Amino acid sequence: MAVVRANKHIVQLYRSDDLRAWSHLSDFGPANAVGGQWECPDLFPMKVKGTSQTKWAMLVNINPGGVNGGSAGQYFVGDFDGRTFTANNVVKDVPSPTGNMLADFEEDLDGWIPANEPVAAEEGPWGTAPVAGSIGGQQTVTGFEGRGYVNGFHGGDGPTGTLTSPEFTVDTSHLNFLIGGGNHPRVEGTQLENTPPAGSLLFDGFEYAGTSSLSDHGWTLSGDLVAGRNPSTNGGSSVIGNGRINTWEGGAKGDDNVGDLTSPEFTIDQDWISFLVGGGRRDDGSLAVELLVDGTVVRTSTGKDDGTLNWQSWKVDDLRGRTAQLRVHDAATGGWGHLTLDHVVMGPEKAQQVSNEVSANLVVDGRAVRSATGKDSESLDWQSWDVTDLAGKKARVQLVDNNRDGWGHLLFDSLMASDAPARSRLTAYDWLDWGRDDYATVTFSNVPGNKVVSLGWMNNWDYAGVSPTPTWRSANTLPRELSLVQTAQGPKLSSQPVKQLRTLQGRPVLKNARITVDGRKVLPATGDMVRVDATIEPGKASAAGIDVLASGSERTRIGYDKATGEMYVDRTRSGRTDFSSRFASVDRAPVQLRKGKLELTIYVDRSSVEVFAQDGTRTITDTVYPSAGSDDIAVWSEGGTAKVSKLTVTPMKPMDSRRPS
Numbered sequence: 031m032a033v034v035r036a037n038k039h040i041v042q043l044y045r046s047d048d049l050r051a052w053s054h055l056s057d058f059g060p061a062n063a064v065g066g067q068w069e070c071p072d073l074f075p076m077k078v079k080g081t082s083q084t085k086w087a088m089l090v091n092i093n094p095g096g097v098n099g100g101s102a103g104q105y106f107v108g109d110f111d112g113r114t115f116t117a118n119n120v121v122k123d124v125p126s127p128t129g130n131m132l133a134d135f136e137e138d139l140d141g142w143i144p145a146n147e148p149v150a151a152e153e154g155p156w157g158t159a160p161v162a163g164s165i166g167g168q169q170t171v172t173g174f175e176g177r178g179y180v181n182g183f184h185g186g187d188g189p190t191g192t193l194t195s196p197e198f199t200v201d202t203s204h205l206n207f208l209i210g211g212g213n214h215p216r217v218e219g220t221q222l223e224n225t226p227p228a229g230s231l232l233f234d235g236f237e238y239a240g241t242s243s244l245s246d247h248g249w250t251l252s253g254d255l256v257a258g259r260n261p262s263t264n265g266g267s268s269v270i271g272n273g274r275i276n277t278w279e280g281g282a283k284g285d286d287n288v289g290d291l292t293s294p295e296f297t298i299d300q301d302w303i304s305f306l307v308g309g310g311r312r313d314d315g316s317l318a319v320e321l322l323v324d325g326t327v328v329r330t331s332t333g334k335d336d337g338t339l340n341w342q343s344w345k346v347d348d349l350r351g352r353t354a355q356l357r358v359h360d361a362a363t364g365g366w367g368h369l370t371l372d373h374v375v376m377g378p379e380k381a382q383q384v385s386n387e388v389s390a391n392l393v394v395d396g397r398a399v400r401s402a403t404g405k406d407s408e409s410l411d412w413q414s415w416d417v418t419d420l421a422g423k424k425a426r427v428q429l430v431d432n433n434r435d436g437w438g439h440l441l442f443d444s445l446m447a448s449d450a451p452a453r454s455r456l457t458a459y460d461w462l463d464w465g466r467d468d469y470a471t472v473t474f475s476n477v478p479g480n481k482v483v484s485l486g487w488m489n490n491w492d493y494a495g496v497s498p499t500p501t502w503r504s505a506n507t508l509p510r511e512l513s514l515v516q517t518a519q520g521p522k523l524s525s526q527p528v529k530q531l532r533t534l535q536g537r538p539v540l541k542n543a544r545i546t547v548d549g550r551k552v553l554p555a556t557g558d559m560v561r562v563d564a565t566i567e568p569g570k571a572s573a574a575g576i577d578v579l580a581s582g583s584e585r586t587r588i589g590y591d592k593a594t595g596e597m598y599v600d601r602t603r604s605g606r607t608d609f610s611s612r613f614a615s616v617d618r619a620p621v622q623l624r625k626g627k628l629e630l631t632i633y634v635d636r637s638s639v640e641v642f643a644q645d646g647t648r649t650i651t652d653t654v655y656p657s658a659g660s661d662d663i664a665v666w667s668e669g670g671t672a673k674v675s676k677l678t679v680t681p682m683k684p685m686d687s688r689r690p691s
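Numbers in our numbering are just positions in the sequence shown, counted from 1, shifted up by 30.
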């Protein structure tokens, strides 16, 4: 039996003759990826294809710390003597990039200027000097180089501030650096402060004098929400002033309070209504801030399962001159069954959302032109910015911590100007899948023919709780048959969808087509439940591939980048991506072409893409949330002409015959 000591990154092996008394055999680890907790271990023997050799494979899932962020599964291949597992693919050292060191933080902050908040006896988040290890009850920090690095955990996750480098001239093609800590990306168009938009403040911002209640100011209350508790001075954070509406505090039942709070009438005389909102998220309309005109709901917003309030805005230029009311509607119970509302403003422009970023930003002419964040891990890893287009520009790097919640800190080291991009250390390790949505993989016992069949959870803890499919969220990956194949680097796992899936295949609507493409061509085949087989020959193109679940500007793009030698899935324009700042991603995997060709099998479902390349030696699994009707398929190239051959599109039937096709 295999179990883990999750935070120690150790797999422990036990045996028992009666399933009651267990004896400890040995430990394995720490090894390779250790940026999160180890989970769901598995150990099994496998024949190496084409040989008489038997090796053992150990699966270890990790969260966070996956190769492309968040949850993932890694694997080890080696030998097991009945007591001890010894892996052959443990990576001891990954070479660092070379270049001109701009800041190594060995002795001091190298002229970087901190903007800190005083916290007790500390200056947080950055302190006044580099550190040599973990601080203040922090988990063990790894991955920095030399003696010192920047640790933004002074005072814990609470303090916010910036750390800004001296100005320098961009004179190389890349900037490389080590980064760790929280995964809170910068979002374009946000603000670091909590400044309201210009305009008229409605309802006095709920800052009523003394014990004055909402009902004293023309509001109507119903259900469990009572005048004596509304407005509240508790519940939620990032409010402005003291008063706010909070339906947890607004009655005696907390999250089980139900009822409505309806404002007096007002006239819409501006183009935008903006407000701070937090609390629970319900997409079924049971928990919402609503705009009523003639008693009809014309605009609605809900929370994001987050106690920190942030700005939301409605464009109401089409309603100018109309009489309206605001209603807080709470018919939700249970966890996150409440809503918080504050500072309603009617004005000419919408509000800027407040950034919750923990990021390193490259600032040119006062504007952030590149940004990076951590992976919710205390292990620093290399990231790189391509700055070719900024040659000769004056720039600064600014570290920003604008987050007071969990993983609200940043780690940073070794800023280097280089002529080549740094590679993440994680890419040197072996992964079951290089996408964002194949986690907690397990295998089945006693499969006929001694086959090893795996099944993964098709989601990622980076956004699992807010994916836009309530109330049921996530599915499993396709069942996959695992095998060991011999490579120049030793035996590696390959995964292929089980053959039983062929029973769900229809007749191909496109078969063995050969297309030369310079740009983009939409195929005469569509579908949101299809299998796509293709061989990509990049040729003179810098990148080439296939778009699926496409319509207009929306698409999920599967491609090959010749410059980096990577296959990727780009879901940044895949449909609904705004539910989490961590969702939109380009997930990459290093792939070697075979005689200049990339062989792909792609299983497309209505909310997922599973890509198998080079006979399953590389896979990328990603969930996507396209708009209804986004079912076009296209081939494309960039920077030149590419060829796509053996292109076959096969419709797939639902596994459940009751599900509509």
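In this text, a Cβ means the ideal position worked out from N, Cα and C, and glycines have one as well.
Values in this document were obtained by computation on a predicted structure and should not be read as measured data.
Which stretch, first to last residue, makes up the beta strand (DSSP E) that contains glycine 309?
First-last of the beta strand (DSSP E) with glycine 309: 302–309.
Nearest to alanine 381 by alpha carbon, out of Gly669, Ala402 and Thr220?
Residue Thr220 is the option with its Cα nearest to alanine 381.
Check whether the Cβ atoms of aspartate 431 and proline 620 lie closer than 7 Å to each other.
Cβ atoms of aspartate 431 and proline 620: not closer than 7 Å.
Where do the N-terminal and C-terminal ends of the beta strand (DSSP E) with threonine 647 fall, by residue?
Threonine 647 -> no beta strand (DSSP E), and no H or E assigned at all.
Would a C-beta distance cut-off of 7 Å place serine 448 and glycine 129 closer than the cut-off?
Result yes, Cβ atoms of serine 448 and glycine 129 sit closer than 7 Å.
Between which two residues does the beta strand (DSSP E) containing aspartate 372 stretch?
Where aspartate 372 is concerned, the enclosing beta strand (DSSP E) stretches over 369–377.
Beta-carbon within less than 7 Å of glutamate 147's beta-carbon, same chain only, minus the 5 sequence neighbours each way: which residues are those?
The answer, listed in chain order, is Gly154, Pro189, Thr190 and Gly191.
For lysine 627, which residues does DSSP report across the bridge?
Paired residues: Arg624.
By how many angstroms is the C-alpha of glycine 404 removed from the C-alpha of serine 389?
Rounded to the nearest angstrom, the two C-alpha atoms are 7 Å apart.
What beta strand (DSSP E) runs, 3 residues minimum, are completely inside the segment 299–368?
List check, beta strand (DSSP E) in window: 302–309, 317–323, 326–331, 336–345 and 353–360.
Do you know how far the Cα of proline 127 is from the Cα of proline 568?
The alpha-carbon atoms of proline 568 and proline 127 are separated by roughly 28 Å.
Between which two residues does the beta strand (DSSP E) carrying proline 227 extend?
No beta strand (DSSP E) holds proline 227; DSSP gives it neither H nor E.
Among Thr81, Trp86 and Val41, whose alpha-carbon lies nearest the alpha-carbon of cysteine 70?
Comparing Cα-Cα distances from cysteine 70 to each of Thr81, Trp86 and Val41, the minimum goes to Val41.
Does the ligand FAD have even one heavy atom less than 6 Å from the beta-carbon of histidine 54?
As presented, the structure is devoid of all ligands, the ligand FAD included, so that no description of it is given.
For the 8 Å Cβ check, are there 3 or more pairs between the segment 543–553 and the segment 643–656?
No: the two stretches stay apart, fewer than three of their Cβ pairs being nearer than 8 Å.
With DSSP run on the structure shown, which of helix, strand or coil describes glycine 210?
Note: glycine 210 maps to strand in three-state DSSP.
To the nearest angstrom, how far is the alpha carbon of alanine 133 from that of valine 616?
The straight-line gap from Cα to Cα measures roughly 29 Å.
On the CB-based measure, 16 or more other CB atoms within 10 Å of its CB, does serine 343 come out buried or exposed?
It counts as buried.
Buried or exposed: which applies to isoleucine 143, given that a residue is buried once 16 or more other Cβ atoms fall within 10 Å of its Cβ?
Under this definition isoleucine 143 is an exposed residue.
Can you grab the Cα-Cα spacing for the pair phenylalanine 296 / serine 660, in whole Å?
The straight-line gap from Cα to Cα measures roughly 41 Å.
Using DSSP's beta-bridge definition, name the partner residues of serine 615.
In DSSP, serine 615 forms no bridge with anything.
Determine the extent of the beta strand (DSSP E) in which proline 527 is found, giving its start and end residues.
From DSSP, the beta strand (DSSP E) with proline 527 extends over 520–527.
Rounding to the nearest angstrom, what Cα-Cα distance links glutamine 383 and serine 675 in this structure?
Between glutamine 383 and serine 675, the C-alpha separation is close to 47 Å.
Where does glycine 234 sit, in a helix, a strand or coil, going by DSSP?
First, the residue type needs correcting, since residue 234 is aspartate and not glycine in the sequence shown. Helix, per DSSP.
I need the DSSP call for leucine 251, collapsed to helix, strand or coil.
The answer is strand: DSSP assigns leucine 251 an E or B state.
I need the boundaries of the beta strand (DSSP E) containing lysine 85, first residue and last residue.
Element bounds for lysine 85: 84–93.
Helix, strand or coil, according to DSSP, for leucine 49 in the structure here?
Coil.
Given this structure, state the Cα-to-Cα distance separating leucine 630 from leucine 222, to the nearest angstrom.
The alpha-carbon atoms of leucine 630 and leucine 222 are separated by roughly 44 Å.
Within 10 Å of its beta-carbon, does glutamine 519 have 16 or more other beta-carbons around it, so buried, or fewer, so exposed?
Exposed.
In the DSSP assignment, find the unbroken beta strand (DSSP E) run with tryptophan 666 in it and report its ends.
Counting along the chain, the beta strand (DSSP E) containing tryptophan 666 begins and ends at 662–668.
Cα separation between alanine 470 and proline 94?
If you take the alpha carbons of alanine 470 and proline 94, they lie about 12 Å apart.
Just tell me which of Gly253, Asn260 and Asp254 has its CA closest to the CA of histidine 247.
Of the listed residues, the one whose Cα sits closest to histidine 247 is Asn260.
By the three-class DSSP mapping on this structure, what secondary structure does serine 245 have?
If DSSP states are grouped into helix, strand and coil, serine 245 belongs with the helices.
Taking the straight line between their C-alpha atoms, what separation do you get for leucine 371 and leucine 306?
Cα to Cα, leucine 371 sits roughly 6 Å from leucine 306.
Determine, using beta carbons only, whether glycine 59 and histidine 39 come nearer to each other than 7 Å.
Taking 7 Å as the Cβ cut-off, glycine 59 and histidine 39 qualify as a contacting pair.
Just verifying my parser: in three-state terms, what is the DSSP assignment at glutamine 516?
Three-state result, glutamine 516: strand.
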